[in-house]
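S.K.:
Residue numbers (UniProt numbering): 1 to 539.
#1: Between which residues of its own chain and residue 212 is the CB-CB distance below 6 Å, once the five residues before and five after are set aside?
#2: For residue 560, which residues in the same chain have their Cβ closer than 8 Å to its Cβ, ignoring the five residues on either side in sequence?
#3: Per DSSP, residue 88 forms a beta bridge with which residues?
#4: Anyone know if the C-beta pair for residue 179 and residue 133 falls short of 7 Å?
#5: For residue 131, collect the residues of the same chain with a Cβ closer than 6 Å to its Cβ; drop the 5 residues on either side in sequence, then sort them by chain order.
#6: Report all residues from its chain with a CB closer than 7 Å to the CB of residue 503; omit the five preceding and five following residues, and keep chain order.
#7: Going by C-alpha distance, which of 99, 216, 371, 450 is nearest residue 25?
#8: Would you call the region 271–286 and the region 216–225 in contact, with 3 or more CB pairs under 8 Å?
#9: Tell me, to the nearest whole angstrom, how far the beta carbon of residue 197 is from that of residue 532; I am working on the premise that it is less than 8 Å.
#10: Excluding sequence positions up to five away, which residues of its chain have a Cβ less than 6 Å from the Cβ of residue 243?
#11: Taking residue 356 and residue 408 to be in contact with their CB atoms under 8 Å, please state how far apart those CB atoms are, rounded to whole angstroms.
#12: Pair every Cβ in the region 62–77 with every Cβ in the region 26–37, then say whether three or more of these pairs are closer than 8 Å.
#13: If you measure between the beta carbons of residue 479 and residue 259, is that distance less than 7 Å?
#14: Can you have a look at residue 540 and say buried or exposed, based on whether 16 or more other CB atoms are within 10 angstroms of its CB?
#15: Starting from the C-beta of residue 235, find all residues in its chain whose C-beta is less than 6 Å away, skip the five residues before and the five after it, and write them out in chain order.
#16: Rounded to whole angstroms, what's the CA-CA distance from residue 443 to residue 176? Just pull it up for me.
#17: Can at least three beta-carbon pairs, one atom from the region 224–231 and one from the region 290–299, be found at a separation below 8 Å?
#18: Work out the CA separation of residue 205 and residue 191 for me, nearest whole Å.
#19: Looking at C-beta atoms only, is the number of pairs between the region 45–54 and the region 13–27 that lie closer than 8 Å three or more?
#20: Can you name the start and end residues of the alpha helix (DSSP H) that residue 369 belongs to?
#21: Among all the DSSP beta bridges, which residues are the ones paired with residue 336?
#22: Specify, as a first and last residue, the run of the alpha helix (DSSP H) that residue 95 falls within.
#23: Tell me, please, which residues DSSP counts as bridged to residue 309.
#24: If we count the other Cβ atoms within 10 Å of its Cβ and call it buried at 16 or more, is residue 439 buried or exposed?
#25: Which whole-angstrom value describes the C-beta separation of residue 378 and residue 202, a residue pair presumed to lie in contact below a C-beta threshold of 8 Å?
#26: From the DSSP secondary-structure annotation, give me the bridge partner or partners of residue 516.
#27: Taking the straight line between their C-alpha atoms, what separation do you get for residue 461 and residue 451?
#28: So what does DSSP say about residue 132, is it helix, strand or coil?
#29: Mapping DSSP to helix, strand and coil, what is residue 530?
#30: How many angstroms separate the CA atom of residue 155 from the CA atom of residue 339?
#31: To which residues does DSSP link residue 38 through a beta bridge?
#32: Any contact of the region 313–320 with the region 264–281, i.e. 3+ C-beta pairs under 8 Å?
#33: Sort out for me which residues DSSP pairs residue 437 with in a bridge.
#34: Please classify residue 519 as buried or exposed, where buried requires at least 16 neighbouring CB atoms within 10 angstroms.
#35: Quick check: the Cα distance between residue 399 and residue 162, rounded to an integer number of angstroms?
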C-alpha cells in the first residue's frame, strides 16, 4: 500500500474575488514541520479596512518577500517533504486556498500568462488526491453551520486567528481528531499510515522531573550513613520522580554529596553482586558504589531495609542535545562490551525475553475481549491505533514470539539505559543506576538503549523525524557497525527493538488480565506509543 503524505495549509488573501492576491501562506506537516511566508506584492487596491485590522496588523512587513521568493521557498520546502512521493494538500474548504498556492508556480514560467495547472505543476502536486476538510466533516456527519475549529481541536490555548500558519496548525489538529475518531474514515486512516500519529507520539516521557525535599534524620539513616561515611552531622533530601517519592536520597556531609538508596532486605544479595561486578568497570564509565567502612562489601543491612551509597556525580542527565548522541551511543556500546566480557554470577537477576506467557497471547488474540479491555485504558488516538492496526499487531506479535529463541539471556547487560541514567558533561559520558544490571539478552538491551536515547532528542523537539533518520544513517549506524557488540545485532535491529516493547506490553497485560493487578497500567499508553515511535524512527 502506498501511503498518503499530507501537508495542511492556509492562506490569507485580499478578498473573496476572482482576481484576489496572496497576502500570506502557512504550511505544516503531520509531524509539525512548518513553513510561513508573508508577501509584499499583493494588490494594494484590494485591501479593505477589515484586512488591515485583522490580518495586516499582525504581519511584520519587514520580513515579507515577493511572490517569486515565496514560490521558491515553498517549492524547496515541499520538495523536501515529498521526497519521491506525492503530497496531498489539505485545506479548509474548496475556494481560493489551493488555487492561490498553485498559482505561485506561475513564477517559474517565462510567460506567466501561459501557466497551465495540468502541465506546469510538479509531479508531487499534479494529481487529484488533494483533500478538502469541509467535505470530510460533512461525510462524517458534522454540521458546518456551527463548527468551531478551536473547540473541535480542544486546544489548551487559542492563538491568533487569521494568521495563516496558526490556521494551518489548527486545521491539522481538527483533521487529526476527525480522522482518528470517525469510524467511516477507517480505511483513510490506513492510507495515511503511522505518520497520522506523528503529532501525538513522542509526547510522554518518564524519569523527566526530579525534585529533592528535606527529610528528618531518622535513626535508620544515621545508622546507614555512619557505616558508609562517619558520624559527623549530615543533611538528607529525598528525591521525588514525577511527584512520586523514591527510595533515593541526597546526603551532604563535610561539603561532600553522596547518593543513598534503600531497598528491601530480600534484594541485598543481588545488589551486593551487582556492586562487586560494577567495581571491575573503569570509574570514568560507570559510577561505583562505596564500600561499607572497614569492610569488603557494599550493602549495609538494617533490621528491615538495606542501603547502598555512591559518590554524587556532577553533571546533568542527557537533555536531548543531538550533537551529544554519537558520543553517548559510542560510550554505551563500550559499556556493553565491557559488561559482556565480565564473569557472570548466578546470583544476578535474569531477565529472560525468550519466555512468553501463552495464556496472555490467547487473550490478545481474542479481538473482542482485548479491544474491550484495552482501548478504554489508553488515550483516544492510541485506542484508534490499536483498533485500526489490531490484525497487524497480532501478526507482528506472533512473528516476534516465533523468533523468541533469539532473545535468550546471553550476557551481563544494563537492561534499561535511557536519558535519565546517562550523565553528560563537556568532556565525558558516564552511566549510573546499577538496579538494571542483570543477565539478559544483549541484542534487546543494545537496541533498546539506542531507541530510548535517540528518542529523547525527538521528544525534546531538538530533532524532527527526518533529521533523526539522516543522523542515524550518517553517524549512528556507522558506530553500531564498527562495534563488535552490535555488528551482528544490526541484522535483526527491528526485531530486537519491537520485541522489547511487546514484552513490556505483555507483562503489563499479564498483570492486568490474569492477576487483576493494575500496578503497571500507568505505562500502557506510553508502551503502545513506543511501538509507533520505534517504527517511525527505524522502519
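We treat Cβ as the ideally placed atom computed from N, Cα and C, and that holds for glycine. The structure displayed is predicted, hence computed values, not measured ones.
M.R.: Here's the rundown:
#1: 237, 239, 250
#2: Any property of residue 560 remains undetermined from this structure, which presents the chain solely from 1 to 539.
#3: 6
#4: no
#5: 88, 90
#6: 353
#7: 99
#8: no
#9: 5 Å
#10: Only weak support exists for where residue 243 lies, its pLDDT of 49 falling under 50; the value from the coordinates is given anyway. Closer than 6 Å at Cβ, skipping near neighbours: no residue.
#11: Not a contact, Cβ separation roughly 12 Å.
#12: yes
#13: no
#14: Residue 540 lies beyond the residue range present for the chain, which begins at 1 and ends at 539; the question has no answer from this structure.
#15: 252
#16: 36 Å
#17: yes
#18: 29 Å
#19: yes
#20: 367–374
#21: According to DSSP, residue 336 bridges with nothing at all.
#22: Element bounds for residue 95: n/a, residue is neither H nor E.
#23: 260
#24: buried
#25: Going by Cβ atoms, the distance from residue 378 to residue 202 rounds to 16 Å, so no, they are not a contact pair.
#26: Per DSSP, none; premise fails for residue 516.
#27: 16 Å
#28: strand
#29: helix
#30: 48 Å
#31: 24
#32: no
#33: 414
#34: exposed
#35: 50 Å
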